[in-house]
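Protein chains in written order, with the working numbering: chain Z, 1 to 215; chain L, 216 to 430. So the structure is just underneath, and the comments pick up after that.
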């Protein structure tokens, strides 16, 4: 079975399936039809059938999907229990919020280190982890082998540290900086960008361009 | 000129153009060819020409784009100076980080109020604003007419407050909750979702599925 045949839009929808099925499971619902799931999620039933077929056909005609089974299959596909060792870089407002707000353990990750270049922040505790000085990151990586890094630092700092981290074995980046990995292409790494201000500006565009009426 | 003909992927790329052009302008660069811009941004030159043509042809054959002019046109299209009055709901870790980390003024917004349902948080100051009690939100909206809300609250709280906010005149949502506006469709509002944990799970999928080698 070639997993790589799954298209990127389907992959992007998987976490959403995972969320909805988790809620159904918590509500004690045992099975659900593609039609019911489609109404909940605002997708078409045929879209849902197509998406889930990519991972093998779990649905049965006239029965629907077994909620618990489908939830657990998607959890396995996403790697929710993988516990990928992760470091977070940049303990400013955003980094601190990400470290304390996000439950990494439930999403396939394990946060094992937090780093900042400001010595005054070092030693402080966030989310049960002591903030370490950036100049210890190399020895930390060599001893602890993290595979993922969360970048909560400005673009220039990200540009400087990213190649070093790749050399140290980091394979995945959760990138909150404006550093553009796409530009330095050719490396086999996985990047998920969260460009908050781009999202905010898209909202600004929407607010300014849908309604042409004058107030 | 009908702005609504601009497709959603082009709109999603506009903030990125805005960022790159802003950097070029700060570096004192006066003009740039679509080829140079494409190399910087990791897009094709023809993609860039197509995108920017949607807003009227600013490029001149053999000259390229005037950086300052293009930056300012895109700024106008995005509504960067619109100062849309905005409230933030939920002053937990994430809400506090968003309020202090994001420069709303430079992105088309003006943060005018922060609300939380926890009375112990009320009165505290974030980003020069006093946190107000959620039970004052209705009178606040009636007096101050915000048009945008940032939701940094759990799904159930968002589900409860969203329809009320729409009634009170909110037209745009920057939605960090897992509440799904798509499901309660039919209302003419603009929503930008930032589903952080979905993004993180997509990264988990990538880490677990691209490299089939055993370590």
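Even for Gly, the Cβ is constructed at its ideal location relative to N, Cα and C.
Of all residues in the stretch 139-161 of chain Z, the ones placed with a Cβ closer than 7 Å to any Cβ belonging to chain L are 147, 148, in chain order.
Only those residues of the stretch 60-90 of chain Z whose C-beta falls short of 8 Å from the nearest C-beta of chain L are listed: 77, 78, 79, 80, 82, 84. As DSSP reads the structure, residue 347/L sits in a beta bridge with 330/L. Residue environment: residue 392/L is assigned as buried (16 or more neighbouring CB atoms within 10 Å of its CB, all protein chains considered). Taking C-beta separations shorter than 8 Å and ignoring five residues to either side along the sequence, the partners of residue 319/L in its chain run 301, 325, 326, following chain order.
For residue 97/Z, the closest Cβ of chain L is nearer than 9 Å. Under DSSP, the beta-bridge partners assigned to residue 65/Z are 32/Z.
Chain Z places a beta carbon closer than 9 Å to that of residue 226/L, counting this residue as a contact. Apart from sequence neighbours up to five positions away, the residues of its chain that approach residue 408/L with a beta-carbon distance below 6 Å are 390, ordered along the chain. By the beta-carbon neighbour count (other beta carbons within 10 angstroms, threshold 16), residue 195/Z is buried. With respect to chain Z, the C-beta atom of residue 414/L has a partner C-beta closer than 9 Å. Going by C-alpha positions, residue 251/L is about 10 Å away from residue 263/L. Look at residue 124/Z: its C-beta is not under 9 Å from any C-beta on chain L.
Proximity of residue 92/Z to chain L, defined by a Cβ-Cβ separation below 9 Å, is satisfied. Beta-bridge analysis with DSSP links residue 172/Z to 148/Z, 190/Z. Residue environment for residue 291/L: exposed (fewer than 16 other C-beta atoms within 10 angstroms of its C-beta).
Residues of chain L with a Cβ closer than 7 Å to the Cβ of residue 202/Z are, in chain order, 226, 227, 230, 407. Contact annotation: the stretch 60-75 of chain Z does not touch the stretch 117-132 of chain Z, with fewer than three C-beta pairs closer than 8 Å. For residue 301/L, the enclosing beta strand (DSSP E) has its first and last residue at 299-304. Chain order gives the chain Z residues near residue 387/L as 203, 206, 207, where near means a beta carbon separation below 8 Å. Cβ contact annotation for residue 352/L (same chain, cutoff 6 Å, sequence separation greater than five): 330, in chain order. For residue 317/L, the C-beta contacts it makes with chain Z under 7 Å involve 196, 197, 200, in order along the chain.
Secondary structure note for residue 20/Z: its alpha helix (DSSP H) is the uninterrupted segment 8-26. Per the coordinates, the alpha-carbon of residue 278/L lies some 16 Å from the alpha-carbon of residue 261/L. In terms of Cβ geometry, residue 316/L and residue 94/Z form a close pair [threshold 9 Å].
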